[in-house]
Each structure stands twice: as C-alpha cells, then as structure tokens.
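Engineer:
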Amino acid sequence: MLKFFMTAGAAVLLVAIAPAQAADAKPNDAQIAHIAYTAGTLDVAAGKQALAKSHDKAVRDFASEMVRDHEAVNDKALALVKKLNVTPQDNPTSAALKAAADKKRDELAKLDGPAFDKAYIANEVAYHRTVNGALRDTLIPSAQNAELKALLKTGLTLFSEHQAHAEHLAAHLK
Amino acid sequence: MNHLRFAALAFVVAVTPPSGGLAAATHVVVIDRMKFGTLPAKLHVGDTISWVNRDLFRHSATARDGSFDIDLPAGKSGTTVLRKPGAIAFACKYHPGMRGVLHVVK
Numbered sequence: 560m561l562k563f564f565m566t567a568g569a570a571v572l573l574v575a576i577a578p579a580q581a582a583d584a585k586p587n588d589a590q591i592a593h594i595a596y597t598a599g600t601l602d603v604a605a606g607k608q609a610l611a612k613s614h615d616k617a618v619r620d621f622a623s624e625m626v627r628d629h630e631a632v633n634d635k636a637l638a639l640v641k642k643l644n645v646t647p648q649d650n651p652t653s654a655a656l657k658a659a660a661d662k663k664r665d666e667l668a669k670l671d672g673p674a675f676d677k678a679y680i681a682n683e684v685a686y687h688r689t690v691n692g693a694l695r696d697t698l699i700p701s702a703q704n705a706e707l708k709a710l711l712k713t714g715l716t717l718f719s720e721h722q723a724h725a726e727h728l729a730a731h732l733k
Numbered sequence: 181m182n183h184l185r186f187a188a189l190a191f192v193v194a195v196t197p198p199s200g201g202l203a204a205a206t207h208v209v210v211i212d213r214m215k216f217g218t219l220p221a222k223l224h225v226g227d228t229i230s231w232v233n234r235d236l237f238r239h240s241a242t243a244r245d246g247s248f249d250i251d252l253p254a255g256k257s258g259t260t261v262l263r264k265p266g267a268i269a270f271a272c273k274y275h276p277g278m279r280g281v282l283h284v285v286k
C-alpha cells in the first residue's frame, strides 16, 4: 500500500516537472525562483494540513519541521529576489506542481488517523525525491546568479535531509 | 595605587583555576549551510563548546549518548560543558545527516 502511494505520488510529480524540462531545457532565474518558492509553499501547506489532522507525535514533529524549514528558506528566497530586483515568473512547471499538490491535498483530506499519516509521509518522500531531482538536474545547473545558485544548493542539502527523514518515518509507519 | 594593584592581583588569583589543572577553554563551532563547521582537535574535560547557529534553519546539537541536547534556533547560540572523556557522537536531531564526533581527553 505504501509503495503504491509513493509510486503514485512520484509519478504525478514527475509528470509535473517534465513539461518545463521538455519545453525549455533551461529555465531563467525568474522562473527558477518561482519554481523553488512554489515547491516550498506547497510543502508548507502540506505540513499545515498534517498538523491539523494528525495525532501521531513523530508525524507532527516532521510536519512542524517542514513548515519551519521551508518557510525559512522561502523568506530568504523572497529577500534575495527583492535584492536582485527579480520578479518571480509563473511558468508551466510551477503551475503543474501546484495542480498536483492541490489534487494530493484533496485526497489526503479524505483520510484520517494512521491512513492519513502513511499517505502524507509517503507523499513527502515522493515529493522531496522529485523536487530534489529537479533541483539537482535542472534548477541548480540552470541558475545564472551566484547567490540564487548558492541558496538552491543549501535548499537541496536541506530537502535531502527532509527526504531521508521522511523515508525513515515511512519505514516506521509500515 | 598599591591598593589598586593588590586588588587587581587578588582578582587574577581568584579566577585562576586550581594549580595543576589546565585552564578550561571555550571552543566555537559554527553551524552554517546545513553543516557543523570544523570541530576542535584537542578537547579536554571541563572545556566548553559554544555552538553558534548562523544558518537559516533551526538546528540542535544532540549527543547520541544523551549527555547533551542543545536547541539552536536560527541565529542563536548555546553551550555545552564537556563532563567526561571519550568520543561523543552528536547530530542535529532535525537533520540527522548533520553529525560529528567530539574527541575529549582528561
């Protein structure tokens, strides 16, 4: 069951990331900032949903960590784009990420208790795996501004920790 | 003048550790960009580690053996006094990939 959720989540997100890679192999900095910020915002929303629904301490601790860390990196990203005078630019990848996350949030809203916990954590594994792949393979190599590139690299290290944490939790929720 | 000098001398004597022991040192470990910075090579029982979190994120310095657990909100610092010799493995409890080992001698 868990495998199914992970695979389903990963598949949805892989599809979500794919259009920008196919249509435009090199997103510009304004688009990269928008994608990274959107990815963070969506995970904050997922964390808040988990805090509203879950009663499992480990799951709640994880969700709090997601909200705290992603808000911190997004605050930094906002300050950076302001400093660089860049307006984040909406793009198909951001839109697809948001559509996939909205769909997942609706699915999760129908679940409760351990079923919710498992599905939330499974999706967090898949989500971080996909976003980390996009950061590593597309967003970081394409970023032109050195400060943006550095922030994305810190983001990748952070989100890799989140992925490991989610995988660890997923193994315990089986 | 002599009184002042005497007072100053008395103060120095008062804060000097008991003879025979090494003066306890404070070592700064900076946390930034999801990493613990360089760890001090020579640590002695009684030394203090000052953990300075310059990162954007909340971290912790948490000993695997439970001997310390320092919460480090973004931009904050905390201290650990080393109470026993040995190799003390530690990590950030929020980001367990951030880890290190303190080597403490008597």
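Protein chains in written order, with our numbering: chain A, 560 to 733; chain B, 181 to 286. We put the CB at the ideal spot given by N, CA and C, even for glycine.
1) Closer than 8 angstroms, CB to CB, is Ala271 (chain B) near chain A or not?
2) What did DSSP end up calling Val640 (chain A) once you bin it into helix, strand or coil?
3) Starting from Val225 (chain B), trace the beta strand (DSSP E) both ways and give me its first and last residue.
4) Once DSSP output is grouped into helix, strand and coil, what is the label at Asn233 (chain B)?
5) Establish whether the CB of Arg619 (chain A) and some CB of chain B are separated by less than 8 angstroms.
6) Under 8 angstroms between the Cβ atoms of Asn633 (chain A) and Gly672 (chain A)?
7) Please name the residue in A:Glu624, A:His629 and A:Val640 whose C-alpha comes closest to that of Glu706 (chain A).
8) Applying a beta-carbon distance threshold of less than 7 angstroms, which residues of chain A neighbour Ala241 (chain B)?
9) Check for me: the alpha helix (DSSP H) holding Asp602 (chain A) runs from which residue to which?
10) From Ala267 (chain B) to Ile250 (chain B), what does the alpha carbon distance come to, in whole angstroms?
11) What residue does the beta strand (DSSP E) around Phe270 (chain B) start on, and which one ends it?
12) Whose C-beta lies closer than 7 angstroms to the C-beta of Lys635 (chain A) among residues of the same chain, with five residues either side of it excluded?
13) Considering only their Cβ atoms, is the gap separating Pro647 (chain A) from Ala592 (chain A) smaller than 8 angstroms?
14) For a cutoff of 8 angstroms on Cβ pairs, would you count Arg234 (chain B) as touching chain A?
15) Can you say whether Thr218 (chain B) is buried or exposed, counting buried as having 16 or more other CB atoms within 10 angstroms of its CB?
16) Output the boundary residues of the beta strand (DSSP E) element that contains Asp166 (chain B).
17) Just by C-beta distance, which residues in the region 716-730 of chain A are closer than 9 angstroms to chain B?
18) Beta carbon of Gly599 (chain A): closer than 7 angstroms to some heavy atom of the ligand NAP?
19) From the DSSP output, read off the bridge partner residues of Asp212 (chain B).
20) Which word fits Gly606 (chain A), buried or exposed, when buried means at least 16 other C-beta atoms lie within 10 angstroms of its C-beta?
21) Does DSSP put Ala725 (chain A) in a helix, a strand or coil?
Structural biologist: Per the coordinate set shown:
1) By 1-based counting over the second sequence, the position of residue 271 (chain B) is 91. Cβ-Cβ to chain A under 8 angstroms: no for Ala271 (chain B).
2) By 1-based counting over the first sequence, the position of residue 640 (chain A) is 81. Helix, per DSSP.
3) Translated into the one-based positions of the second sequence, residue 225 (chain B) becomes position 45. Segment: none, Val225 (chain B) is in no beta strand (DSSP E) and carries neither H nor E.
4) As a working mapping, residue 233 (chain B) is identified with position 53 in the second sequence. Of the three classes helix, strand and coil, the one that applies to Asn233 (chain B) here is strand, per DSSP.
5) Locating residue 619 (chain A) in the first sequence gives position 60, counting from the first residue. For Arg619 (chain A), the answer is no, since every Cβ of chain B falls outside 8 angstroms of its Cβ.
6) Locating residue 633 (chain A) in the first sequence gives position 74, where the first residue counts as 1. Locating residue 672 (chain A) in the first sequence gives position 113, where the first residue counts as 1. Cβ distance not < 8 angstroms, so Asn633 (chain A) and Gly672 (chain A) don't count as in contact.
7) Taking the first residue of the first sequence as 1, we reach residue 706 (chain A) at position 147. Of A:Glu624, A:His629 and A:Val640, the residue nearest in Cα terms is A:Val640.
8) Stepping through the second sequence from its first residue, residue 241 (chain B) is reached at position 61. In chain order: nothing, as chain A lies at least about 15 angstroms away.
9) For the purposes of this step, residue 602 (chain A) is identified with residue 43 of the first sequence, where counting begins at 1. Where Asp602 (chain A) is concerned, the enclosing alpha helix (DSSP H) stretches over Asp588 to Lys612.
10) Translated into the one-based positions of the second sequence, residue 267 (chain B) becomes position 87. Translated into the one-based positions of the second sequence, residue 250 (chain B) becomes position 70. Straight-line Cα distance between these residues: approximately 18 angstroms.
11) Position 90 of the second sequence, counting from 1, holds the residue named residue 270 (chain B). Taken as a continuous stretch (DSSP letters only), the beta strand (DSSP E) holding Phe270 (chain B) covers Gly266 to Ala271.
12) Position 76 of the first sequence, counting from 1, holds the residue named residue 635 (chain A). Taken in chain order, the residues that qualify are Leu710.
13) Residue mapping note: residue 592 (chain A) aligns to position 33 of the first sequence, counting from 1. Residue mapping note: residue 647 (chain A) aligns to position 88 of the first sequence, counting from 1. It is a contact, given that the beta carbons lie within the stated cut-off.
14) Along the second sequence, read from residue 1 onward, the residue named residue 234 (chain B) stands at position 54. Not one chain A Cβ lies under 8 angstroms of Arg234 (chain B).
15) Within the second sequence, residue 218 (chain B) is the residue found at index 38, counting from 1. Exposed, by the Cβ-count rule.
16) Outside the shown range of chain B (181 to 286) lies residue 166 (chain B), about which nothing can therefore be said.
17) Thr716, Leu717, Ser719, Glu720, His721, Ala723, His724 and His727
18) Questions concerning the ligand NAP fall outside what the structure shown contains, since it holds no ligand whatsoever.
19) Sequence index remark: in the second sequence, residue 212 (chain B) carries index 32 (1-based). Asp212 (chain B) is bridged to B:Lys215.
20) Walking along the first sequence from the start, residue 606 (chain A) turns up at place 47. Buried.
21) Your numbering for residue 725 (chain A) matches position 166 in the first sequence. Three-state DSSP puts Ala725 (chain A) in a helix.
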